[in-house]
Amino acid sequence: MADNSFMGGFTDLNRLASDASWQQLIGRAKRAKSEVEASGSRSHKLDKDERKGLREACQQFEAIFVGYILREMRKTVQRSSLFPETPAEKIYRSMLDDEVAKAACKGGGIGLADMVFDDLMKTWEEQSDKGEKESDVTEGKESAKVSGLTHR
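Residue numbers (the numbering used here): 571 to 722.
This is the structure:
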């Protein structure tokens, strides 16, 4: 008999990918990426409000992740058949897990938001520096053409 625990992990990932709140977060990330690409400015430095918004998005991501973990952990707890779970109780527990996750993340979380934020900031700064260097080289070539010099 084959071990299905490995494939079970893929099932969990598929379930996470189909989760509505996860899809909402992915949609927001894609829209933000499109806006940045449309602006065409790689040398843009993030101001205080943009950093705050990015930090909040990272905290929301962490809350969704922690909520998912709580829901999956709750599934492992055996329920008594004496008191079957009602649909209302399922909804309540789901909402409770989401609120507990949000509260936990506001209180410092598990560190995922900080790691994602730091990584995104590092990537943004690297891209910003790269964009500045590319624009400096392009401007240098243009000024050399205007003055009649060739750049080799």
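For every residue, glycine included, the Cβ atom is placed at its ideal position computed from N, Cα and C.
Rounded to whole angstroms, what is the Cα-Cα separation between VAL636 and GLN629? For the purposes of this step, residue 636 is taken as residue 66 along the sequence shown, with counting starting at 1. For the purposes of this step, residue 629 is taken as residue 59 along the sequence shown, with counting starting at 1. Their Cα atoms are separated by approximately 10 Å.
Which value, in whole angstroms, describes the spacing of the CA atoms of LYS700 and ILE661? As a first step, residue 700 is located in the sequence shown; it is residue number 130 there, counting from the start. As a first step, residue 661 is located in the sequence shown; it is residue number 91 there, counting from the start. Each residue's alpha carbon lies about 48 Å from the other.
Distance CB(ARG640)-CB(TRP694) smaller than 9 Å: To locate residue 640, count along the sequence shown from 1; it is residue 70. To locate residue 694, count along the sequence shown from 1; it is residue 124. Inspection of the sequence shows that residue 640 is occupied by Leu rather than by Arg. The answer is no: Cβ separation not under 9 Å.
State buried or exposed for ASP667, treating a residue as buried only when at least 16 other CB atoms are found within 10 Å of its CB. Your numbering for residue 667 matches position 97 in the sequence shown. ASP667 comes out buried.
Using 8 Å for Cβ pairs, my map puts LEU682 next to GLU632. What's the rounded Cβ distance? By 1-based counting over the sequence shown, the position of residue 682 is 112. By 1-based counting over the sequence shown, the position of residue 632 is 62. Between GLU632 and LEU682 the Cβ distance is about 4 Å, and since that is below 8 Å, they are a contact.
Quick check: the Cα distance between LEU595 and LYS692, rounded to an integer number of angstroms? Locating residue 595 in the sequence shown gives position 25, counting from the first residue. Locating residue 692 in the sequence shown gives position 122, counting from the first residue. Straight-line Cα distance between these residues: approximately 21 Å.
In the DSSP assignment, find the alpha helix (DSSP H) that holds LYS660 and state where it starts and stops. Indexing the sequence shown from 1 puts residue 660 at position 90. Here the alpha helix (DSSP H) through LYS660 covers 657-676.
DSSP three-state call for GLN648: helix, strand or coil? On the sequence shown, residue 648 is found 78 positions in, with the first residue counted as 1. Residue state, collapsed to three classes: coil.
Selection from ILE634, GLU659, VAL647 that minimises the alpha carbon distance to ALA674: As a first step, residue 674 is located in the sequence shown; it is residue number 104 there, counting from the start. For ALA674, the nearest C-alpha among the options comes from ILE634.
Expressed to the nearest angstrom, what Euclidean distance is found between the alpha-carbon atoms of VAL670 and GLU655? One-based indexing of the sequence shown puts residue 670 at position 100. One-based indexing of the sequence shown puts residue 655 at position 85. For VAL670 and GLU655, the distance between alpha carbons rounds to 20 Å.
CA-CA distance, GLU620 and PHE687? Position 50 of the sequence shown, counting from 1, holds the residue named residue 620. Position 117 of the sequence shown, counting from 1, holds the residue named residue 687. Approximately 12 Å, taken between the alpha carbons.
Note down, in chain order, each residue of its chain lying with its Cβ closer than 8 Å to the Cβ of ARG598, except the 5 sequence neighbours on either side. On the sequence shown, position 28 is the one that residue 598 refers to. ALA627, listed in sequence order.
Using alpha carbons as the reference points, say which of LEU624, MET685, ARG644, SER664 lies closest to SER591. Stepping through the sequence shown from its first residue, residue 591 is reached at position 21. Nearest of LEU624, MET685, ARG644, SER664 to SER591, Cα basis: SER664.
Quick check on GLY679: buried or exposed, where buried means 16 or more other Cβ atoms within 10 Å of its Cβ? Start at 1 with the first residue of the sequence shown, and residue 679 comes out as number 109. Buried.
Mapping DSSP to helix, strand and coil, what is ILE634? Taking the first residue of the sequence shown as 1, we reach residue 634 at position 64. It is helical.
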